[in-house]
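S.K.:
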Amino acid sequence: WDSMLGAKLISEANFDAVWASGLEISASHGLPDANILTMSEYLERASEMNDASNLPVIADCDTGYGNVNNVIYLVEKYEQRGIAGICIEDKLFPKTNSFIEGRQDLADIEEFCGKIRAIKETQTNPDFMVFARVEALIAGWGMEEALIRANAYSDSGADAILIHSKKKDNKEILEFCKKFKKRKPVVVVPTKYPKFHEKDMPKYGISLVIYANHVLRSTIKAVSETLKILKEKKELSSIENKIAPLAKVFHLQGMSTLKEN
Ligand code: SPV
Ligand code: MG
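Here the sequence shown is numbered in this note's numbering, starting from 113 and rising by one per residue.
(1) Within the 9 Å Cβ cut-off, does D220 reach chain D?
(2) Taking the alpha-carbon positions, what's the I170 to T338 distance?
(3) Could you tell me whether any non-hydrogen atom of ligand 1 is closer than 8 Å to the CB of V299?
(4) Please classify L143 as buried or exposed, where buried requires at least 16 neighbouring CB atoms within 10 angstroms.
(5) To the nearest angstrom, report how far apart A270 and E153 are at their CA atoms.
(6) Whole angstroms are fine: how far does the CA of T331 sit from the CA of I355?
(7) Using the DSSP secondary-structure output, state which residues sit across from F205 in a beta bridge.
(8) Under the criterion of a Cβ to heavy atom distance below 8 Å, does E256 qualify as lining ligand 2?
(9) Let me make sure I understand the geometry here. Which of I137, F288 and K278 has the alpha-carbon closest to that of E213?
(10) If you reduce the DSSP assignment to three classes, tell me which class M313 lands in.
(11) Using the rule of at least 16 other Cβ atoms within 10 Å of the residue's Cβ for burial, across every protein chain shown, is T175 buried or exposed?
(12) Tell me whether D172, by its Cβ, gets closer than 8 Å to a heavy atom of ligand 1.
(13) May I ask you to check if the CB of N282 is nearer than 8 Å to at least one heavy atom of ligand 1?
(14) Compare the Cα-Cα distances from A230 to each of A139, K291 and I200 and report the closest residue.
(15) Quick check: is any heavy atom of ligand 2 less than 8 Å from the C-beta of A324?
(16) Can we count L167 as close to ligand 2, meaning its CB is less than 8 Å from some heavy atom?
(17) Please state whether DSSP places A244 in a helix, a strand or coil.
(18) Measure the C-alpha to C-alpha separation of C173 and G317 and round it to an integer number of angstroms.
(19) Compute every distance between the C-beta of S133 and the non-hydrogen atoms of ligand 2, then say whether any falls below 8 Å.
(20) From the DSSP secondary-structure annotation, give me the bridge partner or partners of I273.
(21) Out of E160, V300, E191 and V180, which one is the CA nearest neighbour of P238?
(22) Consider the C-beta atom of N209 and the heavy atoms of ligand 2; say whether any pair is separated by less than 8 Å.
(23) When the Cα of Y305 is compared with those of L186, S133 and L286, which residue comes out closest?
(24) Per DSSP, what kind of secondary structure is L167 in: helix, strand or coil?
(25) Considering only heavy atoms of ligand 1, does any lie closer than 8 Å to the CB of T303?
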């Protein structure tokens, strides 16, 4: 899926920010979400999203692509390209997507805190944000571990805590929020627990929701359906009302400005 068109549509739909998803960027290259791509490749896409929309871009930076020195370099580069904030997760490089079954090794707490402190010391724009993502629940290390980490990352200067869960309901997220006591804004990614309604989130201290893969998944389905119809050589007119009109394409391309010029 296209980063520039995607960001334009997100902007048109009046969202507050664009999530430069590691999963989506990897998938758009036909590659697993496992740091097969390099930092520069992820940055290139995040940067395209930033250029194409008037929204802040929050970039998924996985584990920071290495140790604290990689993270320092990353912050310099992402800030230079105007990215509004980054999210780093407490796993080991190379990470794998949180929903892949099997072992998910977690970073040493102190080392991860060092990365957060380094980001805060390196950033030159005071508004540049770092979300620290806690993977303890994903890795099966339990609630206590998740809270120890969320508190340590908060103490190290994280602007928000992203708590990730792969449970089918929101129970562990709610337990986390209650015990975390709104120490920092909480960010959630309700891919696996879609019944948790946004209107019920603020009272638990949840300030931001990331719809991490819904655009990619809807694109895959829509494109596959169109291709099926084309391949079956049904009448072309049968898809005409299912796809965007060319006028929409011209609009996204800025054709009217071109004509005016
Ligand atoms: C992403 O969009 O790449 C994320 C969210 O990190 S998740 O896929 O749920 O890990
Ligand atoms: Mg990711």
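All residues carry an ideal CB built from backbone N, CA and C; glycine is no exception.
M.R.: In terms of the structure at hand:
(1) This model lacks chain D altogether; it includes just one protein chain.
(2) For the purposes of this step, residue 170 is identified with residue 58 of the sequence shown, where counting begins at 1. For the purposes of this step, residue 338 is identified with residue 226 of the sequence shown, where counting begins at 1. Going from the Cα of I170 to the Cα of T338 covers about 31 Å.
(3) As a working note, residue 299 is residue 187 in the sequence shown. Because no heavy atom of ligand 1 lies under 8 Å away, the Cβ of V299 does not count as near it: no.
(4) Translated into positions along the sequence shown, residue 143 becomes position 31. Classification of L143: exposed, given that the 10 Å Cβ count is below 16.
(5) As a position in the sequence shown, residue 270 is number 158, starting the count at 1. As a position in the sequence shown, residue 153 is number 41, starting the count at 1. Taking the straight line joining both Cα atoms gives about 25 Å.
(6) For the purposes of this step, residue 355 is taken as the residue at position 243 of the sequence shown. For the purposes of this step, residue 331 is taken as the residue at position 219 of the sequence shown. Taking the straight line from one Cα to the other gives about 11 Å.
(7) In the sequence shown, residue 205 corresponds to position 93, counting from 1. None, per the DSSP bridge assignment.
(8) The count along the sequence shown starts at 1 and reaches residue 256 at position 144. Incorrect: E256 has no Cβ contact closer than 8 Å to ligand 2.
(9) Position 101 of the sequence shown, counted from the start, is the residue given in the question as residue 213. If we check each option's Cα against that of E213, K278 comes out closest.
(10) Looking up residue 313 in the sequence shown gives position 201. Three-state result, M313: coil.
(11) As a position in the sequence shown, residue 175 is number 63, starting the count at 1. So T175 ends up on the buried side.
(12) As a working note, residue 172 is residue 60 in the sequence shown. Yes, ligand 1 has a heavy atom inside 8 Å of this Cβ.
(13) By one-based count along the sequence shown, residue 282 stands at place 170. It does not: the Cβ of N282 is nowhere closer than 8 Å to a heavy atom of ligand 1.
(14) The sequence position of residue 230 within the sequence shown is 118, counting from 1. The shortest Cα separation from A230 among A139, K291 and I200 belongs to I200.
(15) Looking up residue 324 in the sequence shown gives position 212. True, at least one ligand heavy atom lies under 8 Å from that Cβ.
(16) Position 55 of the sequence shown, counting from 1, holds the residue named residue 167. No, since every heavy atom of ligand 2 falls outside the 8 Å radius drawn around the Cβ of L167.
(17) If you number the sequence shown from 1, residue 244 lands on position 132. Residue state, collapsed to three classes: strand.
(18) Reading the sequence shown from its first residue, position 61 is the one you call residue 173. Reading the sequence shown from its first residue, position 205 is the one you call residue 317. In a straight line, the C-alpha of C173 is about 24 Å away from that of G317.
(19) As a position in the sequence shown, residue 133 is number 21, starting the count at 1. Yes.
(20) On the sequence shown, residue 273 is found 161 positions in, with the first residue counted as 1. Bridge partners of I273: A244 and V298.
(21) Walking along the sequence shown from the start, residue 238 turns up at place 126. The shortest C-alpha separation from P238 is found at E191.
(22) Within the sequence shown, numbered from 1, the residue matching residue 209 stands at position 97. It does: the Cβ of N209 is within 8 Å (strictly closer) of some heavy atom of ligand 2.
(23) In the sequence shown, the residue the question calls residue 305 occupies position 193. Looking at the Cα atoms, L286 is the closest of the given residues.
(24) Here residue 167 refers to the residue found at position 55 of the sequence shown. L167 falls in the coil class under three-state DSSP.
(25) Against the sequence shown, residue 303 aligns to sequence position 191. Because some heavy atom of ligand 1 lies under 8 Å away, the Cβ of T303 counts as near it: yes.
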